[in-house]
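*Asks:* Residue numbers (UniProt numbering), protein chains in the order written: chain A, 1 to 200; chain B, 1 to 200. Here a beta-carbon is modelled for each residue, glycine too, at the ideal position from N, C-alpha and C. Keep in mind the model is a prediction, meaning the values are calculated, not measured. My structure is below; once you've seen it, I'll send some questions.
Protein chains: 2
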Amino acid sequence: MTTAKRDTYTPETLLSVAVQVFNERGYDGTSMEHLSRAAGISKSSIYHHVAGKEELLRRAVSRALDGLFGILDEEDARVGRPVGRLEYVVRRMVEVLIAELPYVTLLLRVRGNTDTERWALERRREFDHRVAELLKAAAADGDVREDIEVRLVTRLVFGMINSIVEWYRPDGRGMDEREVADAVAQLAFGGLRRAGDGRG
Amino acid sequence: MTTAKRDTYTPETLLSVAVQVFNERGYDGTSMEHLSRAAGISKSSIYHHVAGKEELLRRAVSRALDGLFGILDEEDARVGRPVGRLEYVVRRMVEVLIAELPYVTLLLRVRGNTDTERWALERRREFDHRVAELLKAAAADGDVREDIEVRLVTRLVFGMINSIVEWYRPDGRGMDEREVADAVAQLAFGGLRRAGDGRG
DNA sequence: AGAGTAACCGAACGATCGGTCGGGACAAGG
DNA sequence: CCTTGTCCCGACCGATCGTTCGGTTACTCT
Numbered sequence: 001m002t003t004a005k006r007d008t009y010t011p012e013t014l015l016s017v018a019v020q021v022f023n024e025r026g027y028d029g030t031s032m033e034h035l036s037r038a039a040g041i042s043k044s045s046i047y048h049h050v051a052g053k054e055e056l057l058r059r060a061v062s063r064a065l066d067g068l069f070g071i072l073d074e075e076d077a078r079v080g081r082p083v084g085r086l087e088y089v090v091r092r093m094v095e096v097l098i099a100e101l102p103y104v105t106l107l108l109r110v111r112g113n114t115d116t117e118r119w120a121l122e123r124r125r126e127f128d129h130r131v132a133e134l135l136k137a138a139a140a141d142g143d144v145r146e147d148i149e150v151r152l153v154t155r156l157v158f159g160m161i162n163s164i165v166e167w168y169r170p171d172g173r174g175m176d177e178r179e180v181a182d183a184v185a186q187l188a189f190g191g192l193r194r195a196g197d198g199r200g
Numbered sequence: 001m002t003t004a005k006r007d008t009y010t011p012e013t014l015l016s017v018a019v020q021v022f023n024e025r026g027y028d029g030t031s032m033e034h035l036s037r038a039a040g041i042s043k044s045s046i047y048h049h050v051a052g053k054e055e056l057l058r059r060a061v062s063r064a065l066d067g068l069f070g071i072l073d074e075e076d077a078r079v080g081r082p083v084g085r086l087e088y089v090v091r092r093m094v095e096v097l098i099a100e101l102p103y104v105t106l107l108l109r110v111r112g113n114t115d116t117e118r119w120a121l122e123r124r125r126e127f128d129h130r131v132a133e134l135l136k137a138a139a140a141d142g143d144v145r146e147d148i149e150v151r152l153v154t155r156l157v158f159g160m161i162n163s164i165v166e167w168y169r170p171d172g173r174g175m176d177e178r179e180v181a182d183a184v185a186q187l188a189f190g191g192l193r194r195a196g197d198g199r200g
């Protein structure tokens, strides 16, 4: 009795269509005409549901950011030895990134042309900083290598994780979130070289 | 007697300005008006040097692709044990990426809206494939871990390397190409964990 | 000095941009 | 029945898009 009035668009369902087109064509490369064709309604009808193009972008990146910041509030990310918390966050980042793939994809591609985009970039930097502090704490414990700058390592690991949006596609038979998260964690913490070879 | 006629724009000098603006605003987010302001000449004057906006994009990604494919022709990338050739290619990729930073940055951001962009994506896939084969050969020799899929590892390592364009800025006092290349190679091959700890 | 030309400009082109407007179709509630 | 409000539409807005055009500088060469 609460929902189910008609089978038309809501701001949320319209958003999922819009985000998909944004990711295919790029935000700037997507016109409202493109969106209307993809949604199957007229251009002006879109404005019945949302205020405009930029609101769609804001809703999308907000959803992605909520998912990422949510990780830091989880218990395993807050308590325990920093290196363990770090590994947990890395795994969860992969899982959230895959669970909210189109939204995180869009977030990772904003350039900063509008106020919304600049706000998204700022929040992204804040998240990166929080994880960097975790890595720094793990380094202080002597649990991760210190011969490479913490700042640099953070960026490289983030780069590896974020690059997942460039190729992961949830087409049925593919690997699931857990498998990818395991691979990323193993590669990031253990390295490319055959396990047991040490460094020689 | 060959060069040095006037101190005006050439297609190359104009390209360097254009690529910088493309990277700041995104290709689709950049208008010819933006380019003319950045270059300090009128919009119509740009067309005296190049055929149009898309030619600037084509020249830029061509330069990036030439740099990357050039690596595969170098001797250290062609002869020797695959794992050694792989590490050489990884290091050189970082160096080329930094040496041609704005051009590679643009290459890594094309989405496929035009023929030029689709051609760039195709050539990128070709390069990725060539490196993936090298990794596969190293795995066959038992020199790199085989518990993670070769295809996945390739993508993650590429992701780590390519992410450099998102943060590296050549502002004088920063790290140089060699330092970054060393860090990437060490992290990719040795992993995050403190050297000597093994996997425990 | 005069010819030739590379470099540049303002004005304008048709097309498309994001967004607005008045109104029509249709279901729910009386 | 008629009203109310949701959902949607075609037509249109001023602005901006990439590009073209005719014409004016300003430099080089003879």
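Could you give the residue range of the alpha helix (DSSP H) that holds alanine 36/A?
*Replies:* Your numbering for residue 36/A matches position 36 in the first sequence. For the sequence presented, residue 36/A should be read as serine rather than alanine. It spans 32 to 39 - the alpha helix (DSSP H) in which serine 36/A sits, taken as one unbroken run.
*Asks:* Roughly how far, in whole angstroms, is the beta-carbon of arginine 111/B from the beta-carbon of glycine 26/A, given that I think they are within contact range, below 8 Å?
*Replies:* Locating residue 111/B in the second sequence gives position 111, counting from the first residue. Locating residue 26/A in the first sequence gives position 26, counting from the first residue. Indeed they touch by this definition, with Cβ atoms about 5 Å apart.
*Asks:* I'd like to know if methionine 93/B contacts chain A, where contact means its C-beta is closer than 9 Å to some C-beta of that chain.
*Replies:* Working through the second sequence from its first residue, we reach residue 93/B at position 93. Not closer than 9 Å to any Cβ of chain A, the Cβ of methionine 93/B fails to qualify, so no.
*Asks:* List the whole-angstrom C-beta distance separating glycine 191/B from alanine 188/A, where the pair is believed to meet the contact cut-off of C-beta under 8 Å.
*Replies:* For the purposes of this step, residue 191/B is taken as residue 191 along the second sequence, with counting starting at 1. For the purposes of this step, residue 188/A is taken as residue 188 along the first sequence, with counting starting at 1. At roughly 7 Å, the Cβ-Cβ gap stays under 8 Å, so glycine 191/B and alanine 188/A are in contact.
*Asks:* For valine 19/A versus leucine 121/A, is the C-beta spacing smaller than 9 Å?
*Replies:* Residue 19/A sits at position 19 when you count from the first residue of the first sequence. Residue 121/A sits at position 121 when you count from the first residue of the first sequence. No.
*Asks:* Short of 7 Å in beta carbon distance, which residues of its chain neighbour arginine 118/A, apart from the five on each side in sequence? Order them along the chain.
*Replies:* Reading the first sequence from its first residue, position 118 is the one you call residue 118/A. Taken in chain order, the residues that qualify are Gly112.
*Asks:* Determine the direct distance from the alpha carbon of aspartate 7/B to that of proline 102/A, and round the result to whole angstroms.
*Replies:* As a first step, residue 102/A is located in the first sequence; it is residue number 102 there, counting from the start. As a first step, residue 7/B is located in the second sequence; it is residue number 7 there, counting from the start. Roughly 47 Å separates the two Cα atoms.
*Asks:* Any C-beta of chain B sitting closer than 9 Å to the C-beta of aspartate 176/A?
*Replies:* Taking the first sequence and counting its residues from 1, the one referred to as residue 176/A is at position 176. No, no contact with chain B.
*Asks:* Does the CB of glycine 29/A have a neighbour CB from chain B at under 9 Å?
*Replies:* As a first step, residue 29/A must be located in the first sequence, where it is residue number 29. So yes, glycine 29/A belongs to the interface.
*Asks:* Does the segment 177 to 184 of chain A come close enough to the segment 80 to 87 of chain A that 3 or more CB-CB pairs lie under 8 Å?
*Replies:* No, the segment 80 to 87 of chain A is not in contact with the segment 177 to 184 of chain A.
*Asks:* By a C-beta neighbour count over all protein chains shown, 10 Å radius and 16 as the cutoff for buried, is threonine 154/A buried or exposed?
*Replies:* Taking the first residue of the first sequence as position 1, residue 154/A is located at position 154. With 16 or more other Cβ atoms within 10 Å, it is buried.
*Asks:* Excluding five sequence neighbours on each side, which residues of the same chain lie with their C-beta closer than 7 Å to the C-beta of valine 131/A?
*Replies:* Indexing the first sequence from 1 puts residue 131/A at position 131. Excluding positions up to five away in sequence, the list reads Val89 and Thr154.
*Asks:* What are the boundary residues of the alpha helix (DSSP H) that includes glutamate 75/A?
*Replies:* As a position in the first sequence, residue 75/A is number 75, starting the count at 1. Unbroken alpha helix (DSSP H) run through glutamate 75/A: 75 to 78.
*Asks:* So that I know if they touch, is there some Cβ in chain A lying closer than 9 Å to that of arginine 199/B?
*Replies:* Counting from one through the second sequence, the residue named residue 199/B turns up at place 199. Low local confidence applies: a pLDDT of 39 at arginine 199/B is under 50, so the model's placement there is unreliable, with the coordinate-based value given in what follows. It does; some Cβ of chain A falls within 9 Å.
*Asks:* Does any residue of chain B have a CB that is nearer than 9 Å to the CB of aspartate 147/A?
*Replies:* Here residue 147/A corresponds to residue number 147 of the first sequence, with the count starting at 1. Answer yes: the Cβ-Cβ gap between aspartate 147/A and chain B drops below 9 Å somewhere.
*Asks:* Can you give the beta carbon distance from glutamate 100/B to arginine 63/B, rounded, assuming they're within the 8 Å contact cut?
*Replies:* Here residue 100/B refers to the residue found at position 100 of the second sequence. Here residue 63/B refers to the residue found at position 63 of the second sequence. Their Cβ separation, rounded to whole angstroms, is 6 Å, which keeps glutamate 100/B and arginine 63/B in contact under 8 Å.
*Asks:* Look at the alpha carbon of alanine 140/B and the alpha carbon of leucine 108/B, and state the distance between them as a whole number of angstroms.
*Replies:* Walking along the second sequence from the start, residue 140/B turns up at place 140. Walking along the second sequence from the start, residue 108/B turns up at place 108. Their backbone Cα atoms lie some 30 Å apart in a straight line.
*Asks:* So with CB distances below 8 Å, who are the chain B contacts of tryptophan 167/A?
*Replies:* Counted from its first residue, the first sequence places residue 167/A at position 167. Within 8 Å Cβ-Cβ: Arg155.
*Asks:* Against valine 89/B, what residues of chain A qualify as contacts under a CB-to-CB distance less than 9 Å, listed in chain order?
*Replies:* In the second sequence, counting from the first residue as 1, residue 89/B sits at position 89. Ordered by position in chain A, no residue passes the 9 Å Cβ test against valine 89/B, which lies about 13 Å from the chain.
*Asks:* What is the rounded straight-line gap between the Cα of glutamate 54/B and the Cα of valine 61/B?
*Replies:* Counted from its first residue, the second sequence places residue 54/B at position 54. Counted from its first residue, the second sequence places residue 61/B at position 61. Each residue's Cα considered, the two are about 11 Å apart.
*Asks:* For leucine 15/B, which residues of its own chain have a beta-carbon under 7 Å away from its beta-carbon, when the five flanking residues on both sides are left out?
*Replies:* As a first step, residue 15/B must be located in the second sequence, where it is residue number 15. So the qualifying residues of the chain are Leu56, Arg59 and Ala60.
*Asks:* Taking C-beta pairs closer than 8 Å, name the residues in chain A that residue 202/B reaches, listed in chain order.
*Replies:* The requested residue 202/B is not part of the displayed model; chain B covers only 1 to 200.
*Asks:* Mind checking the segment 106 to 127 of chain B against chain A and listing, in chain order, the residues whose C-beta falls within less than 7 Å of any C-beta there?
*Replies:* Cβ contacts with chain A: Arg111 and Asn113.
*Asks:* Could you tell me the alpha carbon to alpha carbon distance between arginine 37/A and threonine 10/A, rounded to whole angstroms?
*Replies:* Looking up residue 37/A in the first sequence gives position 37. Looking up residue 10/A in the first sequence gives position 10. The alpha-carbon atoms of arginine 37/A and threonine 10/A are separated by roughly 17 Å.
*Asks:* Under a CB-based cut-off of 9 Å, is leucine 65/A close to chain B?
*Replies:* For the purposes of this step, residue 65/A is taken as the residue at position 65 of the first sequence. So no, leucine 65/A is outside the interface.
*Asks:* Please confirm whether valine 104/A and leucine 135/A have their CB atoms less than 9 Å apart.
*Replies:* For the purposes of this step, residue 104/A is taken as the residue at position 104 of the first sequence. For the purposes of this step, residue 135/A is taken as the residue at position 135 of the first sequence. Not in contact: valine 104/A and leucine 135/A (Cβ atoms no closer than 9 Å).
*Asks:* Is it buried or exposed for arginine 91/B, if we count other Cβ within 10 angstroms and need 16 for buried?
*Replies:* Sequence index remark: in the second sequence, residue 91/B carries index 91 (1-based). When all chains shown are included, arginine 91/B counts as buried.
*Asks:* With 9 Å as the threshold, decide whether the Cβ of leucine 152/A is near any Cβ in chain B.
*Replies:* As a working note, residue 152/A is residue 152 in the first sequence. With 9 Å as the cut-off, leucine 152/A counts as an interface residue toward chain B.
*Asks:* What ranges does the alpha helix (DSSP H) occupy inside the segment 67 to 107 of chain B, keeping only unbroken runs of at least 4 residues that lie completely in it?
*Replies:* Complete alpha helix (DSSP H) runs here, min 4: 75 to 78, 82 to 99 and 101 to 107.
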